[in-house]
Each structure stands twice: as C-alpha cells, then as structure tokens.
Amino acid sequence: MFLALTIFLLATAPLPLIDAAKNVDREAVRSLLKQGANVNATQADGTTALHWASYRDDLESADLLIRSGANVNARNDLGATPLWAACQNGSESMVGRLLTAGANPNAALLLGETPVMVAGRSGSPAVVELLAAKGANVNARAARGQTALMWAVAQKHPEVVKVLIANGADIHARSDSWTEVMAVPPHGYLEYNRAIPHGNDTALMFAARVDDLASAKLLVAAGANVNDEDAWGVSAVVLAAHSGFTDVVEFLLEKGANANSDRAGFTALHEAVMRRDENLVKVLLDHGADANLPVRSWTPTRRSSRDFNFPPELIGATPFWLAARFTEPEVMRLLAKHGADPLFVLRSERMVEGRGVAWEQRKEATTAVMAAAGMGGGGSPWTEIERSRREKLALEAVKIAVELGVDVNAKSVNGSTALDSARRLKWDSVAAFLVEKGAKSGTPEK
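For the sequence shown, our numbering assigns the number -6 to the initial residue and increments by one for each residue that follows.
So this is what it looks like as structure tokens:
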C-alpha cells in the first residue's frame, strides 16, 4: 500500500519545468532554470522538458535546456528521444541543434524505428542529410525488416529517396516475409483456406504499390530490378496493375519488365481486365502481354468484402473470357486484335453448399457468349454498374463473341444455355438478340 501511494505521488507530482516547455512558456523555462529546476526531471513515461521543447519545435527553450545540461539522449518509455520528435516534425533547425549537442542519430524506438526513418517518412531531405552526415545508418531496419528507403517511398517522398540513395541506401534490401492463412468464398469450405506469403518487398515494390512514379524512376536509375517480386510471386508490374497505376506499369515495361510475370498465378493483364481498365489493357498488350495466358490460382478475399480477387471458379480463365464475363466489350475487341482466342471454353469447378451434404462440387463449361450472358460465376460485385447499363454492356459483349464465331447454343454441364441465363436475368435485349441468332433454350418449357 505504501509503495503504491509513493508511486502515485511521484506520478502526480508537479513538474513546472516540463509544463513550461510543454506550453511553450519560454520565460517560465528561463526563470525555472535560474531557480535550479531539475533539467532532466521526467514525467511518468520518461518524457523530459527537452522532449517537449523538441516536439513543440521551440528552439529558444531547447537552447536554454541544452545549455543547462539537458540530456539530449533521454528516452521515454517508447524509446523516443528529443531527436526523434524533431525528425518527426522535419525541423532542420532543431535536429541540427540536437546533433551538435551530441544526440545519437541512431537511437531507435523499441520496435527499431530510427530518426532517419521518421525523417524519411516525414519528407524532410535536409534532415536526412544532417543525420547521414552525423553517421546515421541509412540501412537500419525496423519491425518487419523495413528501411528508411521503403518508408520514404511509401509516403511518396522522392526528394528523400534521392538523398538516401546518395548516402548509400540499399535499393535491393527486402522487408521480412511471413505467412497468413486467408480464405476465399465460400469461407466455410476449409480447403479454400491457404497460407499466403507476404512481405519480401523491395523499395521498388513499395513504389508500385503507392503509385510513386518519381521514386520508381530514381530506384531504377540506381539499379533496382524492374522484375522484383514479393514473397507470393507478385511482380512490381502486377502490383501496380492491381491498383490501376498505369503510369508506373508503363514505365516499368519500358524499362524491360516482364509483361507476363505470373508466378503468383495471375498476370497484370488479368488484373487490368478485372479492373475494367481499358487503357491499362492497351498498354500491356502494346508491350507484349500474352492475351491467352490463363489464371492459374485463386486469390484470397475478406468475408463480405469488395476486394479485387479471383475466386476458384475463375481458375483457367483467359483475359478474353474474363472480359466477356465482366461485360467489357471494348476490352474484348482489343484482346481479339492481339490474338486472343474467342472460342476458349472455361472448364471450371467449385464447391458450393449442397442439399443434404455439407459441400458438393459443381463443374462448369462456359463459353464467352455464356459468360457475357451472366453464366460461369466469378462476377464483379465490387463494380457498381446500373442495371440498364449492365444489360447494354452484356448485349455488346454477346454480339462481339457471336461475331467471332462463338456458338450461341453451347450448353453448360446442367444443360443451360446463354439464352436461359439472359431470360433469368431479365435481359430482354440480350435474349432477343440470341433468339435472332438462332439460340435455343436448354431448359424445356413446361
């Protein structure tokens, strides 16, 4: 009881010097120091008056405290020093004062975050220069193995990237890798859970992820590998395509990146079609993307989310088939001009909740006409398209597939045809066109 009371009294004891620094009350700081106040007194978490002066970017108070013997390397419970706070502010003047007074440029937080990392994240090239000149390790690693260069790129600070590279930052350094068990609908079917590797990213991968073209150019000029892949096998081009960053994709391709990288089971072209990004599709095709490579693996998604993903029933799908399924007529035309096979039939299977049994396997055989008419699963729920526009797009997609020779009377495994699907979806214009082209129902009328 006595110990607890003592701790409470110490934690709540008045700390006028710290309060003065916290409130940027310079006259009070000056007066208290003259009265002999403890310049290195701390709050319960280890924070000193100099921490607060640095955090407030109060140069005058910081000078007074330093001259009075303040510990420039004092650390709070998180490991933060006054220098760390100054770097977070990007304050060149405060950082200069602290370094001159002997601040350690490599003092890290408990999770490894160093001053140069926080300065890079804050976007201050001048502060990074000061730290490097005083011996800061520009290749130090924080949690998950990330470096200052990765942080600067992730925050889109190319001027900082330039300074870090000039001071020896390792452009080939990779973050740590780890695995996470992830799933795809139906989430209750355990075989659709799998361990997905994450991490092992380079700074260029971060640039591809956040659309930092300026940093990507700096990294490639310094020797970065344009075909960098992460732990899963996703390349920088695929990563940029997944987010629709056409400028980064085009730059990497022009620098020699492989347009057909698919170690993760899908290509940048698959991603572009999934995003309904006609311009990106054109860029990829113009740089040698194969219009017939199939999706080789499903990708995970969170329950009830709208993540971009390839469900199991799309394994084997080609870009043209995907464009038909997602009702993208102009993309279908582009792909056909670049050699896509319109007669491809997707033979897929997936697990669905059965009647009387936990799960049952459903097999499908779906042509481009059937896909455009709404068959084959794997639709795009993440894309909000008004119903009448969806029907119009479906009609154009069906017309293109028919023009290219796809059979309007092909049947699914259960005997359904494109006409049956169009009628089920109440797409009257699609159904009328199919009938005009000789389509028949696979389901006998009762």
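Beta carbons: idealized from backbone N, C-alpha and C, even for Gly.
Item	Value
Grab the span of the beta strand (DSSP E) containing A188 for me, first residue to last.	186 to 192
Write down the C-beta distance between A252 and P287 rounded to the nearest angstrom, noting that I regard them as a contact closer than 8 Å.	Not really, about 16 Å apart at Cβ, beyond 8 Å.
In the DSSP assignment, what are the bridge partners of K173?	It should be pointed out that residue 173 corresponds to Glu in this sequence rather than to Lys. I189, per the DSSP bridge assignment.
If you drop the 5 nearest sequence neighbours on each side, which residues of the same chain put their C-beta closer than 8 Å to that of K419?	none
By a C-beta neighbour count over all protein chains shown, 10 Å radius and 16 as the cutoff for buried, is E321 buried or exposed?	buried
Under DSSP, the alpha helix (DSSP H) around A125 begins and ends at which residues?	118 to 126
Where DSSP assigns a beta bridge to R134, which residues make up the other side?	T140
Below 8 Å on the Cβ atoms is my contact criterion, and I expect V399 with T360 to pass it. Report the Cβ-Cβ distance as a whole number of Å.	5 Å
By the DSSP assignment, the alpha helix (DSSP H) with P304 in it spans what residues?	Note, P304: premise wrong, no alpha helix (DSSP H); not H, not E.
Could you give the DSSP three-state label for T410: helix, strand or coil?	coil
In this structure, how does DSSP classify E222 when only helix, strand and coil are distinguished?	strand
By Cβ distance below 6 Å, which residues in the same chain neighbour E342 in space, the five residues on each side in sequence not counted?	Q354, K356
So A234 and L273 are supposed to be a Cβ contact under 8 Å. How far apart are they, rounded?	6 Å
How far does the alpha helix (DSSP H) with Q81 in it reach, from first residue to last?	75 to 82
Is DSSP giving S168 helix, strand or coil here?	coil
Can you round the beta-carbon distance between A188 and A201 to whole angstroms, since I take them to be within the 8 Å contact cut?	With a Cβ gap of about 24 Å, A188 and A201 do not count as contacting.
Compute the Euclidean distance between the alpha carbons of P374 and G249, then round it to the nearest angstrom.	Unreliable positioning characterises P374 in this predicted model, as indicated by a pLDDT of 45, which lies under 50. The coordinate reading is nonetheless provided below. The straight-line gap from Cα to Cα measures roughly 34 Å.
Based on the DSSP secondary-structure assignment, which residues constitute the bridge partners of S228?	E222
Quick one: give me the first and last residue of the alpha helix (DSSP H) that E321 is part of.	Counting along the chain, E321 falls outside any alpha helix (DSSP H), and DSSP gives it neither H nor E.
Please identify the residue among C80, L336, P293, E384 whose C-alpha is closest to the C-alpha of E396.	L336
Using a Cβ-Cβ cutoff of less than 7 Å, which residues in the same chain neighbour D50 once the five nearest sequence positions on both sides are dropped?	N82, S84, M87
In chain order, what residues of the same chain have a beta carbon less than 6 Å from the beta carbon of R167, not counting five sequence neighbours either side?	N193, T195
Between the alpha carbons of H331 and L278, how many angstroms are there, rounded?	7 Å
Skipping 5 residues on each side, what residues in its chain have a beta carbon closer than 7 Å to that of Q36?	L8, I11
By Cβ distance, which residues of its chain are closer than 6 Å to G370, with the 5 residues on each side in sequence left out?	E306
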